[in-house]
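Visitor:
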Amino acid sequence: MRKAANDISRCVACGVCALQCPRGAIDIYRGCYAVVDVKTCVGCGICEKACPAGSIRVKETEEASK
Ligand code: SF4
Ligand code: SF4
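Okay, so the sequence shown: first residue is -10 according to the numbering used here, each after it adds one.
1) The beta strand (DSSP E) spanning Ile35 covers which residue range?
2) Within 10 Å of its beta-carbon, does Val27 have 16 or more other beta-carbons around it, so buried, or fewer, so exposed?
3) CB-CB under 7 Å to Ala7, same chain, minus the five flanking residues each way: which ones, in chain order?
4) Taking 7 Å as the cut-off, does the CB of Tyr18 come closer than this to any heavy atom belonging to ligand 2?
5) With DSSP as the reference, identify every bridge partner of Ile(-3), one or two as the case may be.
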């Protein structure tokens, strides 16, 4: 299954991904970086397209690739 994952070293905590996620799966942790709730994420890719820093990416999870 595809899920979003954030590279926190690149994230600028702008909040665009959280605003655009149709599932409300993203929170900005203490104003520092975006955190994805993988149980809620459906892998739609909207956050990846919206992120100006290129830090959030949708990838196949390990579980699905086994
Ligand atoms: S892939 Fe879609 S559902 Fe998952 S966090 Fe990004 S916008 Fe939300
Ligand atoms: S859109 Fe990108 S840079 Fe902005 S909070 Fe989300 S992951 Fe971080």
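Even glycine gets a Cβ: it sits at the ideal position worked out from N, Cα and C. This structure is a prediction, so every number in the text was calculated from the model and none was measured.
Guide: According to the structure data:
1) Careful: Ile35 lies outside any beta strand (DSSP E), inside the alpha helix (DSSP H) at Ile35 to Ala39.
2) Looking at its Cβ environment, which holds fewer than 16 other Cβ atoms inside 10 Å, Val27 is exposed.
3) Ile15, Asp16, Ile17 and Ala23
4) The closest heavy atom of ligand 2 lies 7 Å or more from the beta carbon of Tyr18.
5) Ile(-3) is not bridged to any residue.
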